[in-house]
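Peer 1:
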């Protein structure tokens with residue numbers, strides 16, 4: 023996934039670059055076309071229902087507090103069902119846009135403050 027972040031920074035979700043927190047939300051069916059590789063969805067809270075659904079394989083995954091689901095979010099249409107109680111999901115993923123940073127640090131490769139390592 024990712025070893026180098028812009029401005030020599032770090033990410034608390036390494037090797038992923040992105041972190042999304044959904045609080046008490048129900049998502050519409052979608053693909054995350056901007057994601058690179060897979061994602062992890064961590065379910066938190068005291069709730070009933072709210073199954074995580076993957077459309078193409080016809081799966082409805084029942085999750086509970088602390089469960090983790092991993093899948094390729096750019097390949098599968100996914101959504102969650104309605105629930106009762108309090109529900110939070112923490113999603114970690116990596117954006118495809120990061121590939122341009124690997125290419126030339128988004129055009130900043132000659133800047134001394136930007137770590138640039140050429141791809142082989």
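Residue numbers (this note's numbering): 23 to 142. All C-beta atoms in this analysis are idealised placements derived from N, C-alpha and C, irrespective of residue type, glycine included. The model shown is predicted, which means the values in this text are computed figures rather than measured ones.
1. I'd like to confirm the pairing. Which residues does DSSP put opposite residue 115 in its beta bridges?
2. State the Cα-Cα distance for the pair residue 106 and residue 99, rounded to the nearest angstrom.
3. Within its chain, find whatever has a CB closer than 7 Å to the CB of residue 128; leave out the 5 residues flanking it on each side and keep chain order.
4. Since residue 172 contacts residue 67 with CB under 8 Å, what's their CB separation in whole angstroms?
5. Cutting at 8 Å between CB atoms, please list the residues of its own chain near residue 117, excluding the five before and the five after it.
6. Please report the distance separating the alpha-carbon of residue 82 from that of residue 135.
7. Hey, how far is the Cα of residue 23 from the Cα of residue 70?
8. Let me check understanding here. Comparing Cα to Cα, which of 42, 90, 97 and 84 lies closest to residue 51?
9. Let me confirm a value: residue 49 is counted as buried when at least 16 other C-beta atoms fall within 10 Å, else exposed. Which label applies?
10. If you run the structure through DSSP and keep just helix, strand and coil, what is residue 125?
11. In angstroms, rounded to a whole number, what distance separates the CA positions of residue 80 and residue 62?
Peer 2: Once the coordinates are examined:
1. 40
2. 23 Å
3. 122
4. The displayed coordinates of the chain run from 23 to 142. Any statement about residue 172 would go beyond what the structure contains.
5. 39, 40, 56, 57 and 58
6. 47 Å
7. Confidence at residue 23 is low in this model, with a pLDDT of 48, below 50, so its placement is unreliable and no value can be given for it.
8. 97
9. exposed
10. helix
11. 19 Å
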